[in-house]
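Single-structure report; data block below.
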Amino acid sequence: MGNFVRTLSDRACVVASDTTWMEDAAVAQLVTTSQLEGMRRVAGMPDLHPGRGYPVGAAFFSVGRFYPALVGNDIGCGMALWQTDLKAASVSLDKLDRRVGNIDGAMEDEALRMQAMTVHGVAPGAHDASLGTIGGGNHFAEFQQVDTVFDADALSALGIDAKRLLLLVHTGSRGLGERVLRSHVDTFGHRGLVDGTPEAEAYLAQHGAALRYALCNRELVAQRLLANVRADGQRVLDVHHNFVAPAQMLGATGWLHRKGATPSDQGPVLIPGSRGDHSYLVQPLAISDDTLHSLAHGAGRKWIRSACKDRLFKLMTPTQMGRTVLGSRVICNDRQLIYEEAPQAYKAIDSVVQALVGAGLVALIARTKPVLTYKTRGECCE
DNA sequence: ATGTTC
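Numbering follows numbering that gives the first Met the number 0, in which position 118 of the first sequence is assigned residue number 117; successive positions increment by one, without gaps.
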């Protein structure tokens with residue numbers, strides 16, 4: 000692993016290279032979190048960045064108790080990768096943009112929604128209307144195309160044809176996960192839950208429901224977009240990066256929390272760059288207890304949200320922000336969000352993925368580039 | 001991040 004895994008203390012490390020942007024505040028949050036009661040080890044991924052009290056882009060292994068606040072409000076957030084039957088080379092960007100339409104509101108196809116809910120074990124409830132919607136923040140759906148193949152065998156083993164248009168969906172459990180965290184924190188604060196107690200079981204049941212909801216939501220977003228662009232598609236992979244699960248590692252039985260950390264023990268995963276950068280499909284290699292069976296979940300934020308508009312609005316108009324250096328298009332009719340999610344606000348994906356490669360954690364399968372990113376149609380249009 | 005939000 001060499002110097003790509005930096006030891007911070009006897010129980011904290013961070014995966015990074017010399018070129019990986021790493022905020023001192025995020026590293027400090029990581030070390031602070033490592034001192035929580037029962038915490039055995041924490042591992043910062045190269046996309047590590049500061050969060051609200053706890054860092055994002057990290058995994059945490061504890062024994063005897065676990066911490067819902069470390070998982071955060073977006074329980075079950077993750078990435079789903081789909082392959083469409085459209086040939087990437089014959090896609091007209093204008094036509095794709097037009098056909099994608101508006102998926103900000105609730106789904107009209109209630110039968111499709113009900114079917115997916117049944118398949119995924121999602122009970123009807125107050126959050127039904129958010130199924131099939133992306134939400135805000137860093138969530139998105141993005142059509143992509145393969146631009147470099149590193150391992151053709153691994154790519155075809157996934158059933159991916161490099162000529163086909165891909166669809167990546169990044170979203171989670173919307174208001175449901177938010178409600179689960181809030182009701183937990185209102186009652187128990189941040190001290191965590193002790194193994195085997197009724198309150199721990201109750202949280203885990205709600206957490207499990209949020210994971211199923213999030214998976215169902217990603218599937219419905221994909222199916223909705225596929226229907227709009229008149230394509231068929233198949234899911235290639237779907238992986239949560241915000242959750243807690245029982246785990247055995249480091250010679251102990253405990254709880255592995257992932258907060259913006261992609262599992263390295265569930266097969267190939269896609270690590271997206273910002274909307275103006277590439278994404279990498281990677282094969283996890285040796286599963287390392289030291290880095291808590293985890294990988295980066297994206298590029299990682301470099302600028303805090305509140306700084307983005309001030310830094311960029313003099314340089315670029317919202318219209319200019321709607322195109323990227325890779326030639327892709329961005330649907331984001333929200334003046335604030337389009338600056339907050341600017342490529343400039345994120346770390347370079349190469350610096351993140353190269354740290355994972357350097358640490359011996361992944362091998363590259365393929366690189367993709369964005370074609371069209373959907374955030375929100377906003378107030379206008381349609 | 002969030003049926004958020006002055």
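In this text, a Cβ means the ideal position worked out from N, Cα and C, and glycines have one as well. Here the structure is a predicted model, which means the values were calculated and not measured.
To the nearest angstrom, report how far apart residue 164 and residue 85 are at their CA atoms. Taking the first sequence and counting its residues from 1, one reaches residue 164 at position 165. Taking the first sequence and counting its residues from 1, one reaches residue 85 at position 86. Between residue 164 and residue 85, the C-alpha separation is close to 6 Å.
Rounded C-alpha distance that separates residue 176 from residue 129: Position 177 of the first sequence, counted from the start, is the residue given in the question as residue 176. Position 130 of the first sequence, counted from the start, is the residue given in the question as residue 129. C-alpha of residue 176 to C-alpha of residue 129: approximately 12 Å in a straight line.
What does a CB cutoff of less than 7 Å around residue 159 pick up in its chain, not counting 5 residues either side in sequence? Within the first sequence, the letter at position 160 stands for residue 159. The beta carbon of residue 159 sits closer than 7 Å to the beta carbons of 82, 235 from its chain, once the five residues preceding and following it are set aside; these are given in chain order.
Between which two residues does the beta strand (DSSP E) harbouring residue 44 extend? By one-based count along the first sequence, residue 44 stands at place 45. Looking at the DSSP string, the run of the beta strand (DSSP E) that includes residue 44 is 38-48.
Residues in the same chain with beta-carbon distance under 8 Å from residue 62, minus the five sequence neighbours each way, listed in chain order, please. Here residue 62 corresponds to residue number 63 of the first sequence, with the count starting at 1. So the list reads 37, 39, 251, 252, 253, 254, once near-sequence residues are dropped.
Length of the line joining the Cα atoms of residue 364 and residue 2: Start at 1 with the first residue of the first sequence, and residue 364 comes out as number 365. Start at 1 with the first residue of the first sequence, and residue 2 comes out as number 3. Between residue 364 and residue 2, the C-alpha separation is close to 24 Å.
Starting from residue 94, follow its DSSP beta bridges and name the residues at the other end. Mapped onto the first sequence, residue 94 falls at position 95. Paired residue(s): none; residue 94 is not in a bridge.
Short check: CB of residue 359 to CB of residue 16, under 7 Å? As a working mapping, residue 359 is identified with position 360 in the first sequence. As a working mapping, residue 16 is identified with position 17 in the first sequence. Here residue 359 is not near residue 16, since their CB atoms are 7 Å or more apart.
Using DSSP with H/G/I as helix, E/B as strand and the rest coil, what is residue 215? In the first sequence, counting from the first residue as 1, residue 215 sits at position 216. Assignment of residue 215 by DSSP, reduced to helix, strand and coil, places it in the helix class.
Could you check whether residue 292 and residue 263 sit closer than 7 Å to each other, using their CB atoms as the reference points? Numbered from its first residue, the first sequence carries residue 263 at position 264. Numbered from its first residue, the first sequence carries residue 292 at position 293. Contact flag set, yes.
Here's the rule I'm using: 16 or more other beta-carbon atoms within 10 Å means buried, otherwise exposed. How should residue 70 be labelled? As a first step, residue 70 is located in the first sequence; it is residue number 71 there, counting from the start. Here residue 70 is buried, its C-beta having at least 16 other C-beta atoms within 10 Å.
Do the CB positions of residue 314 and residue 361 come within less than 7 Å of each other? For the purposes of this step, residue 314 is identified with residue 315 of the first sequence, where counting begins at 1. For the purposes of this step, residue 361 is identified with residue 362 of the first sequence, where counting begins at 1. Against a cut-off of 7 Å, the Cβ pair of residue 361 and residue 314 comes out as no contact.
In this structure, how does DSSP classify residue 84 when only helix, strand and coil are distinguished? In the first sequence, counting from the first residue as 1, residue 84 sits at position 85. In the three-state reduction of the DSSP assignment, residue 84 falls in the strand class.
Measuring straight from C-alpha to C-alpha, what distance separates residue 337 and residue 195? Translated into positions along the first sequence, residue 337 becomes position 338. Translated into positions along the first sequence, residue 195 becomes position 196. Residue 337 and residue 195: Cα-Cα distance of roughly 44 Å.
Is residue 203 helix, strand or coil by DSSP? In the first sequence, the residue the question calls residue 203 occupies position 204. In this structure, residue 203 counts as helix in the three-state DSSP scheme.
Using DSSP with H/G/I as helix, E/B as strand and the rest coil, what is residue 234? Residue 234 sits at position 235 when you count from the first residue of the first sequence. Residue 234: strand per DSSP, three-state reduction.
Once the 5 residues before and after residue 193 are set aside, which same chain residues still bring their CB inside 8 Å of it? Residue mapping note: residue 193 aligns to position 194 of the first sequence, counting from 1. Excluding positions up to five away in sequence, the list reads 63, 64, 199.
With 16 other CB atoms within 10 Å as the buried threshold, where does residue 152 fall? Along the first sequence, read from residue 1 onward, the residue named residue 152 stands at position 153. Counting Cβ neighbours within 10 Å, residue 152 comes out exposed, since fewer than 16 surround it.
Using CA atoms only, rank isn't needed, just tell me which of 75, 35, 103 is closest to residue 224. Counted from its first residue, the first sequence places residue 224 at position 225. The shortest C-alpha to C-alpha distance from residue 224 to any of 75, 35, 103 is the one to 103.
When the Cα atoms are used, what is the spatial distance from residue 157 to residue 51? In the first sequence, counting from the first residue as 1, residue 157 sits at position 158. In the first sequence, counting from the first residue as 1, residue 51 sits at position 52. Answer to the nearest angstrom: the Cα atoms are 36 Å apart.
Have a look at residue 80 and residue 142 and give me their C-alpha separation to the nearest angstrom. In the first sequence, the residue the question calls residue 80 occupies position 81. In the first sequence, the residue the question calls residue 142 occupies position 143. A direct Cα-Cα distance of roughly 10 Å separates residue 80 from residue 142.
By DSSP, does residue 308 sit in helix, in strand, or in coil? Position 309 of the first sequence, counted from the first residue, corresponds to residue 308. In the structure shown, residue 308 sits in a helix (DSSP, three-state: H, G or I).
Enclosing alpha helix (DSSP H) for residue 30 [first to last residue]: In the first sequence, the residue the question calls residue 30 occupies position 31. Note, residue 30: alpha helix (DSSP H), 23-32.
What number of angstroms, rounded off, separates the C-alpha of residue 370 from the C-alpha of residue 92? Mapped onto the first sequence, residue 370 falls at position 371. Mapped onto the first sequence, residue 92 falls at position 93. Cα-Cα distance, rounded: 8 Å.
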